[in-house]
Amino acid sequence: MLRSNPVFELYDRVRTRKAVRRWQLGERTGPAPARLKQGLLTDTAKRHGLRHLVETGTFLGGMIRAQLPYFDRIDSIELDADLAHMARWRFRNRPSVAIHAGDSATVLPRLLAHLGEPALFWLDAHYSGGVTARATAETPVLAEIRLVLMHAFGARHVVLVDDARCFDGSHDYPTLEDVRKLVSQVRSEHIILVEDDVIRIHAPLEA
Ligand SMILES: C[S@@+](CC[C@H](N)C(=O)[O-])C[C@H]1O[C@@H](n2cnc3c(N)ncnc32)[C@H](O)[C@@H]1O
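So the sequence shown is numbered by our numbering: it starts at 2 and just counts up by one.
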């Protein structure tokens, strides 16, 4: 298979490194390169001592694949039944990975009800055109953030939300101001940062 070809792997590494460099030297508008976001998740989990990843929006499982070495447990929620089926097949030999089919607006509360430790949340469930699914709303992200922050471990969960550039009040997205308001109501001690097209929400780290 092409992916396990060492020449392809080298080409892929060089190409992704170039894409990250271009983004870092450029104006940082539009979607950030996947490699950059993968590194952000890995670094954030290490810094906060988190070994459990919860993702909304699985798609092809690219983020799961990148995070496999760094987490003891990965739960991912996908609305599209075919994508969920494919991801289950892709990770069939990885007992640490569970793919949950359904709308994250209903599956996430069920998952949280059984979550017994602080986790890193990668909130990325949204309609993205093509084969991706669309629930009644294009994104359930504001409700997801509220649920995570109000959870029993809400003070210690870390939330990363993709596509910060979309938070302009259109296509069912809240504005960044809406997110700030929610965080200050639910977890007033938390900090909220926007960098590289990702919104980060967590308690301040002790020095
Ligand atoms: C941008 S892709 C996710 C990419 C993936 N998280 C990654 O980093 O590789 C968004 C995915 O969310 C799914 N989706 C859309 N609305 C959803 C919802 N309400 N609940 C769960 N998944 C949803 C889409 O079908 C699509 O596969």
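Note that CB positions come from ideal geometry on N, CA and C, so glycine has one too.
Keep in mind that this is a model prediction, so the values were computed, not measured.
In the structure shown, what three-state DSSP assignment does H101 receive? Locating residue 101 in the sequence shown gives position 100, where the first residue counts as 1. In this structure, H101 counts as strand in the three-state DSSP scheme.
For K182, is the classification buried or exposed, using 16 other Cβ atoms within 10 angstroms of its Cβ as the cut-off for buried? Translated into the one-based positions of the sequence shown, residue 182 becomes position 181. Burial call: exposed.
Close beta carbons around M2, own chain, < 8 Å, minus the five adjacent residues each side: Mapped onto the sequence shown, residue 2 falls at position 1. Residue placement at M2 is flagged as unreliable, the pLDDT there being 46, under the threshold of 50; a coordinate-derived value is accordingly withheld.
According to DSSP, is R16 helix, strand or coil? Here residue 16 corresponds to residue number 15 of the sequence shown, with the count starting at 1. If DSSP states are grouped into helix, strand and coil, R16 belongs with the helices.
Counting along the chain, where does the beta strand (DSSP E) carrying E56 start and finish? As a working note, residue 56 is residue 55 in the sequence shown. Residues H53 to T57.
Do you know offhand how far G62's Cα is from H127's? Position 61 of the sequence shown, counted from the start, is the residue given in the question as residue 62. Position 126 of the sequence shown, counted from the start, is the residue given in the question as residue 127. Taking the straight line joining both Cα atoms gives about 15 Å.
Taking the C-alpha atoms as reference points, what is the distance between E139 and K47? Here residue 139 refers to the residue found at position 138 of the sequence shown. Here residue 47 refers to the residue found at position 46 of the sequence shown. Taking the straight line from one Cα to the other gives about 31 Å.
Enumerate in chain order the residues of its own chain whose CB-to-CB distance from L69 is below 8 Å, with the five nearest sequence positions on each side excluded. Here residue 69 corresponds to residue number 68 of the sequence shown, with the count starting at 1. I75, R95, S97 and V98, listed in sequence order.
Please state whether the Cβ-Cβ distance between V149 and L109 is less than 9 Å. As a working mapping, residue 149 is identified with position 148 in the sequence shown. As a working mapping, residue 109 is identified with position 108 in the sequence shown. Yes. Within cutoff.
Any 3 or more C-beta pairs closer than 8 Å across the segment 105-123 and the segment 81-88: no
Can you give me the C-alpha to C-alpha distance between E196 and S5, rounded to a whole angstrom? For this step, residue 196 is matched to residue 195 along the sequence shown. For this step, residue 5 is matched to residue 4 along the sequence shown. Cα-Cα distance, rounded: 33 Å.
For M64, verify whether its CB is less than 8 Å away from any heavy atom of ligand 1. Within the sequence shown, the letter at position 63 stands for residue 64. M64 Cβ: within cutoff of ligand 1.
Return the first residue and the last residue of the beta strand (DSSP E) that S77 is part of. Along the sequence shown, read from residue 1 onward, the residue named residue 77 stands at position 76. Residues R74 to E79.
Taking 8 Å as the line, does the beta carbon of W24 fall inside it for any heavy atom of ligand 1? Residue mapping note: residue 24 aligns to position 23 of the sequence shown, counting from 1. W24: no, Cβ never under 8 Å from ligand 1.
Would you mind stating whether L121 and H53 have Cβ atoms separated by less than 9 Å? Against the sequence shown, residue 121 aligns to sequence position 120. Against the sequence shown, residue 53 aligns to sequence position 52. Yes, these two residues count as a Cβ contact at 9 Å.
Taking 8 Å as the limit between beta carbons, can you name the residues of its chain near L41, skipping five residues before and five after? Indexing the sequence shown from 1 puts residue 41 at position 40. The answer, listed in chain order, is L161, D197 and V199.
For the segment 108-193, list the beta strand (DSSP E) runs that are entirely contained and at least 3 residues long, ordered along the chain. 121-124 and 159-163
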